[in-house]
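*Asks:*
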Amino acid sequence: MNTSIITLSNVDVHRAIVIAGRTQNAFATGMLVSSIHALKAELAKRIVKLTFAKKDGTITTRFATTLPEMTSRYVNGRGLDADSRNVVCFWDCTAPGENKWRSFRYERLISFE
Numbered sequence: 001m002n003t004s005i006i007t008l009s010n011v012d013v014h015r016a017i018v019i020a021g022r023t024q025n026a027f028a029t030g031m032l033v034s035s036i037h038a039l040k041a042e043l044a045k046r047i048v049k050l051t052f053a054k055k056d057g058t059i060t061t062r063f064a065t066t067l068p069e070m071t072s073r074y075v076n077g078r079g080l081d082a083d084s085r086n087v088v089c090f091w092d093c094t095a096p097g098e099n100k101w102r103s104f105r106y107e108r109l110i111s112f113e
């Protein structure tokens, strides 16, 4: 018998509660919490190819990051934390204009690489 120990931070538990309430699917909740945890770590290190479902249901792929070298100039520290709004925020590297911050709801994540 193999035993695995899974540890969740308070933020991960919060995400799990939100996702479970929105999806009513325990398997999806576990997968998404794990994926979002990994996604946020990768966004902080590099540019990620991110695919998610938009609010209108269309599927979109973006090149995203939260690298300070690319985003710190556009952070003023007066906004709400993304987790308090139950979304993943990211800098859209290919969007036109100055404000390239975008977000999507946790349960809309499809994949990232």
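Those letters in the sequence shown? Residues 1 to 113, per this note's numbering, in order.
All C-beta atoms in this analysis are idealised placements derived from N, C-alpha and C, irrespective of residue type, glycine included.
Taking the continuous alpha helix (DSSP H) assigned at threonine 23, which residues delimit it?
*Replies:* 10-23
*Asks:* Around the C-beta of leucine 8, are 16 or more other C-beta atoms found within 10 angstroms, so that it is buried, or is it exposed?
*Replies:* exposed
*Asks:* What are the boundary residues of the beta strand (DSSP E) that includes threonine 114?
*Replies:* There is simply no residue 114 to check, as the chain begins at 1 and stops at 113 in what is shown.
*Asks:* Would you identify the three-state DSSP class for lysine 40, choosing helix, strand or coil?
*Replies:* helix
*Asks:* Compare the C-alpha of valine 48 against each of Val33, Ile59, Thr66, Leu32 and name the closest.
*Replies:* Thr66
*Asks:* If threonine 61 and threonine 51 are in contact, beta carbons under 8 Å, what's the gap, nearest whole angstrom?
*Replies:* 5 Å
*Asks:* If you follow the beta strand (DSSP E) that threonine 94 is part of, which residue opens it and which one closes it?
*Replies:* Neither: threonine 94 is in no beta strand (DSSP E) and is coded neither H nor E.
*Asks:* Got a sec, what are the start and stop residues for the alpha helix (DSSP H) isoleucine 69 sits in?
*Replies:* Contrary to the premise, residue 69 reads as glutamate rather than isoleucine in this sequence. Taken as a continuous stretch (DSSP letters only), the alpha helix (DSSP H) holding glutamate 69 covers 68-71.
*Asks:* Reducing DSSP to helix, strand and coil, say where arginine 46 ends up.
*Replies:* When DSSP states are grouped into helix, strand and coil, arginine 46 belongs to the coil group.
*Asks:* Excluding the five sequence neighbours on either side, which residues of its own chain have a C-beta within less than 8 Å of the C-beta of aspartate 92, listed in chain order?
*Replies:* Arg62, Phe63, Ala64, Lys100, Trp101, Arg102
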